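If you read the protein sequences in the order shown, they are chains A and B.
Counting in numbering that gives the first Met the number 0, the first sequence runs from 0 upward without gaps.
Counting in numbering that gives the first Met the number 0, the second sequence runs from 0 upward without gaps.
From the three backbone atoms N, C-alpha and C, an ideal C-beta is built for every residue, glycine too.
All values reported here derive from a predicted model rather than from experimental measurement.
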Amino acid sequence: MKLFAELIRILDSTNKTNAKVDALAQYFRHAPPQDKVWAIALLSHRRPSRPVNTTLLRLWANELANIPLWLFEESYHIVGDLAETIGLMIPTTTQNSHKSLTTFLTEISALKQKSDDEKKHYLQENWLVLNYYERFVFTKLITGGFRIGVSQKLMTRALAKAENLDEDVLAYKLMGNWNPATISFKELILDEKSSDFSSKPYPFYLAYALETTVHELGNPADWSAEHKWDGIRSQTIIREGTIFVWSRGEELVTEQYPEFQQLIGIIPDGTVLDAEILPFQNNEIGSFNDLQTRLGRKTVTAALLKKVPVVLKVYDILEWNYSDIREKTYQDRRTILEQLFEEIKGKNLPIRLSERISFSTWEALGEERNRSRQMRSEGLMLKKNNSPYLVGRKKGDWWKWKINPLSIDAVLTYAMRGHGRRSNLFTDYTFALWQNNPDGSRELVTFAKAFSGLTDAEFRKVDDFIKKNTLERFGPVRSVVPELVFEIGFEGVALSKRHKSGIATRFPRILRWRMDKKIEEANSIDDLKSMII
Amino acid sequence: MIKPLLEFNDKGIYCAQADVYLDPWKPVKNALITHGHSDHARWGHERYITHSSNVAVLKHRLGIQNVVGKEWCETFAINNVKFSFHPAGHIIGSAQIRVEHKGEVWVFTGDYKTEDDGVCVPYEVVKCHTIITECTFGLPVFKWLPQAQVMNDINQWWSENQAEGKTSVLFGYSLGKAQRLLKYLDPSIGTIYTHAAIENMTEVLRNQVLFPETTLITRDTKKEHLAGNIVLAPPSAHGSTWIKKMTPYVTGSASGWMAFRGARRRRAVDKGFVISDHCDWQGLLESIEATGAERVIATHGYSDLFSRFLREKGYDARTANTQFEGENAEMNPQVELDAENEAAIVQNLSATS
């Protein structure tokens, strides 16, 4: 544990990528094999499920801190991280713990089955024998994400360096459904053949946003274009009579989409498709809002299946007849894919082809891009005809050519402290628009939250304004004198019953601070409604 | 109703009976000054009274001459109100101000810390009925380690950077923190270089405290000279071209705020050292208890939470709004005044007043 806590401390204290890779590689060279498996699991979001809820964690930690509970809660809001608060608040004793990371995680995994008394005893005992930073890391093992700026890619690069393995091969080995409690380092990383090959997805290829004008991409004849669909990116695997659906976050989400089971036997075994999951009804693409009601559920009811049916909108094929065809050109892969769709034509299946747009000039393509909102897409995807399917986010062969966001001027009305590097600063904002009342008066009604888009210097200024212009406090939230106007950008609008304003916006973020505008000049809810298609 | 001995108005902490202000933030006739930090000692008052060890600091930072120095515990009366300065242990020249009238005693702590840092005269408990206390770090998450341990970490960090051929750049407020760090840097490791703001301030204080030798960085200082050595710089120098010329270098920040991971990352320093010239949670509680005060007025810091906690412990505690910033200046470098640039000081003051 001491070695792992030190690793986290180094990762947390530098923002230099090379220093992070070095620290990770150093760890992988020295840690015991089973600790390495757990470290890989933790850094790729495969932690054991949380054995204790945070309310109890706070209560038990507070007993050791020996202060009123409200003060513990307030301190937590200011620190912005529960594990860090617990680390700081509990006194450090002269005792020491030499248990390994594996031992801790085995104990934490087993904790779920224990009684509350046993859980409390276990936590308090360990909190007191760890030093401040180990206590923080130990608590993080229970509560979740480290937020230390280590992507799976970075971790994979370090592991590849330490073990002298090919980075892409390693990325492939680390994907899929493996359990750190039962797999050994040898089985996971070193063995040539893996036992559960059939569910394993390929790493996703991710595109960057186009930075230049489209003309600089060269000859339009070298490129293909499709609409950029606004759903859930997924990889669908059909092997040995079984279907597996993976999300971009490398979660296996097969159970959430039972309608895809009917593809087995029709799409041949040994096929892997790259596709967007889209809400689809009466031959029309629905809004992302509808799709959201189907996410994160353990069971999907028949009623919900009927209310929000989904389809796979397929744009690429990575495996065909059990062979990896990612090295083939996009053009060749599309030929195989389009042939497949030819064969299944007319069968009423929840699967559609993402059509290629035919165009001969960039101007003509620009016209099509302007139709994106009507097409329910976020813009276009540009793919080079001769490009292989790469691993991770790479520049050059695929580009996102998104449409400009919708925007509206709104008033800052509530604020909350941020997390991570923004803890103790008010950076999470709620914005409001004018609503006309029947009696002719008007009031500000909140419509969206946003916490990105300002520079650090701007955040400091707004933070200062909020601290000096607080109206009321509700726990971590403050209401603020309505005075500041911001231009809020978003990708789409839809009616919503869950929102006070009756409208939900997609990906709201701050475009800029309109220091030139007074709150009277902010937009109204009606202005926002007029943007709904 | 009898007027309280000290009250808060738009100019500062006011004693009406004596027509005197304590650390006023707008220009006044008579200003008693606790210490030299820019949020407490501002420009433009007619008459400054402070502890004698702070006179040179005020003259240097504000470029003024109208300063009178008093000795520790020396009582002076203004219209029957007795005033005296007592050590606050915050930085060199820092004092608490004791105010007595008709047997009623108030103490304004200014900024203070309870640990003896070996640089300034250590904090002394002053018995009183009412205490006006800062509470910059008035949350139970703040718990300082002994100075010797932190300084040991800093020297070790310097040695490690040296072994890698890198320059160590250590940020600390130019008045107070910089001298405290300097006092305990180990000159046997290498040369201690300084930014002009710190060099000039330290020079003013050398006749009060024995400090290790320092070398001012000038236009002629070569990158090769700096390699393996340490540079003391004010927080505002972070990210400047002045620093970038020192590549390869490693940055460290010495502040109480470094207790927060978020703050460490926001400052984007490689290493944070938790060391403060303010009291930590225990330090505040113990010193308030020791004064025997029944009434507590909490100013800058987490004053709402701190006073609520004190009320639950049975104190008559409330908060008062001031324009003091505590250690915030270290987190918002643009607030820090550059001692080299008097014009900037005046401009900054007029902006905040």
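Could you tell me whether any Cβ in chain A is nearer than 8 Å to the Cβ of PRO139 (chain B)? PRO139 (chain B) counts as touching chain A.
Mind listing which residues of the region 237 to 262 of chain B have their C-beta closer than 9 Å to chain A's C-betas, in chain order? Here the close residues are TRP256, ALA258, PHE259, ARG260, GLY261, ALA262.
What does LEU304 (chain B) reach in chain A if we use C-beta pairs closer than 7 Å? Per Cβ cutoff of 7 Å: LEU70, GLU73.
Which same chain residues end up closer than 7 Å to ASN61 (chain A) when comparing Cβ atoms and leaving out the 5 residues on each side of it in sequence? Answer for ASN61 (chain A): LEU68, PHE71, listed in chain order.
For ALA414 (chain A) versus ILE465 (chain A), is the C-beta distance shorter than 8 Å? Against a cut-off of 8 Å, the Cβ pair of ILE465 (chain A) and ALA414 (chain A) comes out as a contact.
Under the rule that 16 or more other beta-carbon atoms within 10 Å means buried, what is HIS34 (chain B), buried or exposed? It is buried - the Cβ of HIS34 (chain B) has at least 16 other Cβ atoms within 10 Å.
Cα-Cα, which of A:SER495, A:ILE524, A:PHE485 is closest to ARG511 (chain A)? Checked all of A:SER495, A:ILE524, A:PHE485; the closest Cα to ARG511 (chain A) is A:PHE485.
Amino acids of chain B, ordered along the chain, whose beta-carbon sits closer than 7 Å to that of GLU457 (chain A): None at all; the shortest Cβ gap to chain B is about 13 Å.
Using CA coordinates, which residue listed in A:ILE502, A:LEU483, A:SER495 is at the minimum distance from LYS517 (chain A)? Each of A:ILE502, A:LEU483, A:SER495 was checked against the Cα of LYS517 (chain A), and the nearest Cα belongs to A:LEU483.
Is the region 247 to 255 of chain B in contact with the region 148 to 163 of chain B, if contact means three or more CB pairs nearer than 8 Å? By the Cβ criterion, the region 247 to 255 of chain B is in contact with the region 148 to 163 of chain B, since at least three pairs of Cβ atoms, one from each stretch, lie closer than 8 Å.
Taking all protein chains shown into account, do 16 or more other C-beta atoms lie within 10 angstroms of the C-beta of PRO200 (chain A), making it buried, or fewer, making it exposed? By the neighbour-count rule (16 or more Cβ atoms within 10 Å), PRO200 (chain A) is buried.
One question on the structure: do ALA15 (chain B) and HIS128 (chain B) come within less than 8 Å of each other, judged by their Cβ atoms? The answer is no: Cβ separation not under 8 Å.
Over the uninterrupted beta strand (DSSP E) stretch that includes PHE84 (chain B), give me the two end residues. Boundaries of the beta strand (DSSP E) around PHE84 (chain B): 80 to 86.
If contact means a Cβ-Cβ distance below 7 Å, which residues of the region 11 to 24 of chain A contact chain B? Among the residues of the region 11 to 24 of chain A, those with a Cβ less than 7 Å away from any Cβ of chain B are ASP11, SER12, THR13, ASN14, in the order of the chain.
Going by DSSP, which residues form a beta bridge with GLY11 (chain B)? Under the DSSP definition of a beta bridge, GLY11 (chain B) partners with B:ASN8.
Is the shortest distance between the beta-carbon of MET514 (chain A) and the beta-carbons of chain B less than 8 Å? With its beta carbon at least 8 Å from every one in chain B, MET514 (chain A) lies outside the interface.
What residues from the region 262 to 278 of chain B come within 8 Å of chain A, judged by C-beta to C-beta, listed N to C? Taking 8 Å as the cut-off between beta carbons, the residues of the region 262 to 278 of chain B near chain A are ALA262, ARG263, ARG264, ARG265, ALA267, ASP269, LYS270, GLY271, in sequence order.
Alpha carbon of PRO23 (chain B) to alpha carbon of THR298 (chain B), nearest angstrom: Distance from the CA atom of PRO23 (chain B) to the CA atom of THR298 (chain B), rounded to whole angstroms, is 14 Å.
Could you spell out the range, first to last residue, of the beta strand (DSSP E) harbouring LYS382 (chain A)? Its beta strand (DSSP E) spans residues 376 to 383.
If the criterion is Cβ atoms closer than 8 Å, does the pair ARG238 (chain A) and ASP268 (chain A) meet it? Cβ atoms of ARG238 (chain A) and ASP268 (chain A): closer than 8 Å.
Proximity below 8 Å, CB of THR469 (chain A) to CB of VAL461 (chain A): Contact: no.
First and last residue of the beta strand (DSSP E) that includes ILE188 (chain B)? Secondary structure note for ILE188 (chain B): it is in no beta strand (DSSP E), with a DSSP letter that is neither H nor E.
Excluding the five sequence neighbours on either side, which residues of its own chain have a C-beta within less than 6 Å of the C-beta of GLU6 (chain B), listed in chain order? Its chain contains TYR13 as the residues whose beta carbon lies nearer than 6 Å to that of GLU6 (chain B), once the 5 sequence neighbours on both sides are disregarded; these appear in chain order.
Using three-state DSSP, classify MET200 (chain B) as helix, strand or coil. Residue state, collapsed to three classes: helix.
Expected contact under 8 Å - CB spacing of HIS224 (chain B) and ASP110 (chain B) to nearest Å: At roughly 36 Å, the Cβ-Cβ gap does not stay under 8 Å, so HIS224 (chain B) and ASP110 (chain B) are not in contact.
Under the three-state reduction of DSSP, which class applies to HIS36 (chain B): helix, strand or coil? In the three-state scheme derived from DSSP, where H, G and I count as helix and E and B as strand, HIS36 (chain B) is classed as coil.
For GLU311 (chain B), would you say it is in contact with chain A, using Cβ-to-Cβ distances shorter than 8 Å as the test? Closer than 8 Å to some Cβ of chain A, the Cβ of GLU311 (chain B) qualifies, so yes.
Give the single residue among A:THR212, A:TYR26, A:THR138 whose Cα lies nearest to the Cα of GLU362 (chain A). Considering only alpha carbons, the answer is A:THR212.
Using C-beta distances below 7 Å, list every residue in its chain close to TRP37 (chain A), excluding the 5 sequence neighbours before and after it, in chain order. In its chain, beyond the 5 residues on either side, LEU100, THR101, LEU104, PRO179 have a beta carbon closer than 7 Å to the beta carbon of TRP37 (chain A).
For LYS394 (chain A) and PRO404 (chain A), the rounded distance between their alpha carbons: When rounded, the distance between both Cα atoms is 23 Å.
Could you round the C-beta distance between ILE548 (chain A) and GLY378 (chain A) to whole angstroms and report it? I think they count as a contact, below 8 Å. Within the shown structure, residues of chain A are numbered from 0 to 532, placing residue 548 (chain A) beyond reach of any answer.
Put PRO202 (chain A) into one of helix, strand or coil per three-state DSSP. Of the three classes helix, strand and coil, the one that applies to PRO202 (chain A) here is coil, per DSSP.
What is the residue span of the alpha helix (DSSP H) that ASN435 (chain A) lies within? ASN435 (chain A) -> not in any alpha helix (DSSP H); beta strand (DSSP E) instead, spanning 425 to 435.
Assign HIS100 (chain B) to one of three DSSP states: helix, strand, or coil. Three-state result, HIS100 (chain B): strand.
The alpha helix (DSSP H) that contains GLU362 (chain A), what's its start and end? Taken as a continuous stretch (DSSP letters only), the alpha helix (DSSP H) holding GLU362 (chain A) covers 361 to 369.
With 16 other CB atoms within 10 Å as the buried threshold, where does LYS35 (chain A) fall? Buried is the call here.
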